[in-house]
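Protein chains in written order, with this note's numbering: chain A, 1141 to 1259; chain B, 145 to 294; chain C, 45 to 135; chain D, 128 to 372.
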């Protein structure tokens, strides 16, 4: 069990990332594509936090425990993931605004139809 | 063997799998009900985790989920209310079961935790969770009849 | 390692739920229903972060991933659907 | 989706998957003991009496990166405001007020203050318990939109003047930069946490400039999310196009 456990979180992160990329590539609706991009981003959260985990560790927040009494996980990785989540949300909002503009100007949100319009 | 974390894992696994199955299959009205049940399944799990890991600070997560869960469900009920088909599947049995689960977990934690500020916070979360769950189910069972513009 | 394997078992449960919800979110082609699955995925991710001892990140994922992002997607879907239907009946 | 694109996707995906799995197998085992940066970050945070190490990393050791992240948030909201503004060929149609069931209305109006207080609590205790400016800001902004659920959009517009939120968004970003410049004026580095006393551990005023930066970020995220949602709801509910004959 523990040998699988050594690599499972990383493999789940890779699987979620590849699933998101598949959805992004084969999407027929731009709003659906933005959702798949959000899935891709959640893979990076899982990978980042899996790297920072320590067996038997607890969160490095000392409001309710005495510092140094218990091993703690890596806070730097958590700060990176926090930034990642907030920037991910703003990128999603901006992409959705662009999709609304495309729907208004071209009347469609299907990427294939958009490609024909350029011809 | 930490019993609290084991219980949390079972609640998370069972509730999560059921909610995932509910969210991915069936008519939209029932999917929103499944999303509502996600909150009332995962919030007790978070409370059990907070107790199992011995970190009262993790209770804030359950507090936030108890607050934002019903808000999300109301948003979906409001914006999905434009769906053509009108049949309202109201799963009252499931809702009461989820509310009972939440109540049982909160009572167990209050007993384990003992009186004090933490118990007040736990009871507040329990009230928010069960109240939000019932109101969201009430909204799904026809709260937004004639919502056209708004 | 007595208490240790419960910690790992719970991490495995959360990881499997995250993988399943990600697959469900991608397979679901309709954006409105995908927003529902993304909301569920946000909550399960927040639980995984709690299990990986990252409550701050879990709080952020709960607030952003399960409330804000699906709301934005639903509003966009409503705008695109209303724009398409606005020719017949004005709403 | 023609065959060629599917094949290309399958080939590229398989290659990428193989490389990623090979990389995962070389990563140090999950749950390892060696976290050099983490230990130093915890040590630096405790030296500055900040109980929440993540807040210390965000607002003290990497405050400059958080400034960059805040400007990304500000620029994205600015972009959305520009993209989603009302175009010439559009008019605003007042949405019909929605009939909402009585218990749902009461719940929304009851939960609004509770969620707002929770949001402010999460911001205020940012440098002590889990939470911080970002999470609290989003919760406070989402709480404000409970009024849209409880009543309808016109009620929300009356309570939430958009101009005020845009101004508070800009003021918060400037406050963050001014706090950084203050330490430059005092002779230390930009955004260095050496100006204010660190206070006693695990109290609201501990951590020097961390709580101030935390509050500035909280205010900025709250008003940014309100402005963002306002523009999206305007598009989804109010703005309609002229019917081209």
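All C-beta atoms, glycine included, are put in the ideal place defined by N, C-alpha and C. Just so you know, these numbers come straight off a predicted model, no measurement behind them.
Listed by position along chain B, the residues whose Cβ is nearer than 7 Å to that of residue 98/C form an empty set, because the closest Cβ is around 10 Å away. Residue contact with chain A for residue 67/C: present (Cβ-Cβ distance below 7 Å to some residue of chain A). Listed by position along chain B, the residues whose Cβ is nearer than 7 Å to that of residue 230/D are 279 and 282. Cβ contact annotation for residue 171/D (same chain, cutoff 8 Å, sequence separation greater than five): 183, 187 and 188, in chain order. Contact between the region 231–248 of chain D and the region 269–284 of chain B is present: 3 or more CB-CB pairs across the two stretches fall below 8 Å. Put simply, the backbone Cα of residue 158/B is about 34 Å away from that of residue 356/D. At least 7 Å separates the CB of residue 275/D from every CB of chain A.
The region 156–169 of chain D and the region 1191–1209 of chain A touch, with no fewer than 3 CB-CB distances between them shorter than 8 Å.
Put simply, the CB of residue 160/B is near chain C, with a gap under 7 Å to one of its CB atoms. Residue pairing of residue 219/D in beta bridges, as defined by DSSP: 366/D.
Contact with chain D is found for residue 104/C, since one of that chain's Cβ atoms lies less than 7 Å from the residue's Cβ. The DSSP assignment places 163–174 and 180–183 as complete runs of the alpha helix (DSSP H) inside the region 158–208 of chain D, in order along the chain (cut-off: 4 residues).
In the structure shown, residue 176/B falls within a helical segment according to DSSP collapsed to helix, strand and coil. As the crow flies, the alpha-carbon of residue 94/C is around 12 Å from that of residue 1218/A. In summary, residue 1197/A is buried, with 16 or more beta-carbon neighbours lying within 10 Å of its beta-carbon over all protein chains present. It is roughly 23 Å from the alpha-carbon of residue 1152/A to the alpha-carbon of residue 185/B.
Listed in chain order, the beta strand (DSSP E) runs fully inside the region 254–278 of chain B amount to none, counting runs of at least 3 residues. With the criterion set as a beta carbon lying under 7 Å from some beta carbon of chain B, the region 1233–1251 of chain A has no members that meet it. Close to residue 89/C, with beta-carbon spacing below 8 Å, lies no residue of chain D; the smallest spacing is near 14 Å. According to the DSSP assignment, residue 272/D belongs to no alpha helix (DSSP H), since it is labelled neither H nor E. At the C-beta level, residue 262/D and residue 179/D stay beyond 7 Å of one another. In terms of Cβ geometry, residue 102/C and residue 205/B form a close pair [threshold 7 Å]. For residue 314/D and residue 345/D, the gap between their C-alpha atoms comes out near 27 Å. The alpha-carbon of residue 1214/A is positioned some 28 Å away from that of residue 210/B. Cβ proximity to chain B below 9 Å picks out nothing from the region 1155–1174 of chain A.
Pairing residue 98/C with residue 214/D, the inter-Cα distance amounts to about 44 Å.
Cβ neighbours of residue 58/C within its own chain (closer than 6 Å, five residues either side excluded): 91, 92 and 95.
Between residue 193/D and chain B, the shortest Cβ-Cβ separation is not below 7 Å.
With contacts defined as CB atoms closer than 7 Å, residue 160/B and residue 183/B fail to qualify as a contacting pair.
Under the 10 Å beta carbon count, residue 1256/A is surrounded by fewer than 16 other beta carbons and is classified as exposed.
Three or more Cβ pairs drawn from the region 1152–1170 of chain A and the region 1180–1189 of chain A lie within less than 8 Å of each other, which places the two stretches in contact. Approximately 6 Å separates the beta-carbon atoms of residue 303/D and residue 340/D; this is inside 8 Å, confirming the contact. Rounded to whole angstroms, residue 187/B and residue 288/D show a C-alpha spacing of 34 Å. Around residue 1219/A, the beta-carbon contacts reaching into chain D at under 7 Å are 181, 184, 185 and 189.
DSSP places residue 245/D inside the alpha helix (DSSP H), whose first and last residues are 229–251. Boundaries of the alpha helix (DSSP H) harbouring residue 106/C: 99–107, taken from the DSSP string.
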